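In what follows, a single structure is set out as structure tokens and then discussed.
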Amino acid sequence: MLADTLAHCRELGLESALLELGYDVDTPADLPRLGSYLALYPEACPRTRALFDRWGLSEAP
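Residue numbers (the working numbering): 1123 to 1183.
Given below as structure tokens:
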């Protein structure tokens, strides 16, 4: 599927780029890993951090 998408982008003259592999947050069970990431990288994902703060999910520094 990825190869097809990249080929279609080329056909349309669109520039594409691949990002580093990461992980998805699909279920509530995935939230602790995201919370740990936010604790390690305070400058990352400001909107997500704001939601975590509002929901009381932020880890203490």
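Don't be surprised by glycine CBs; every beta carbon is placed ideally from N, CA and C.
On a predicted model such as this, the values are computed, not experimentally measured, just so you know.
Item: Which stretch, first to last residue, makes up the alpha helix (DSSP H) that contains Asp1126?; Value: 1124 to 1134
Item: Phe1174 to Tyr1145, Cα distance in whole Å?; Value: 18 Å
Item: Alpha carbon to alpha carbon, how far is Pro1154 from Ser1180? Give it in angstroms, no decimals.; Value: 9 Å
Item: In angstroms, rounded to a whole number, what distance separates the CA positions of Arg1132 and Pro1150?; Value: 37 Å
Item: Please name the residue, chosen from Arg1176, Thr1170, Leu1124, that lies closest to Leu1141 on a Cα-to-Cα basis.; Value: Leu1124
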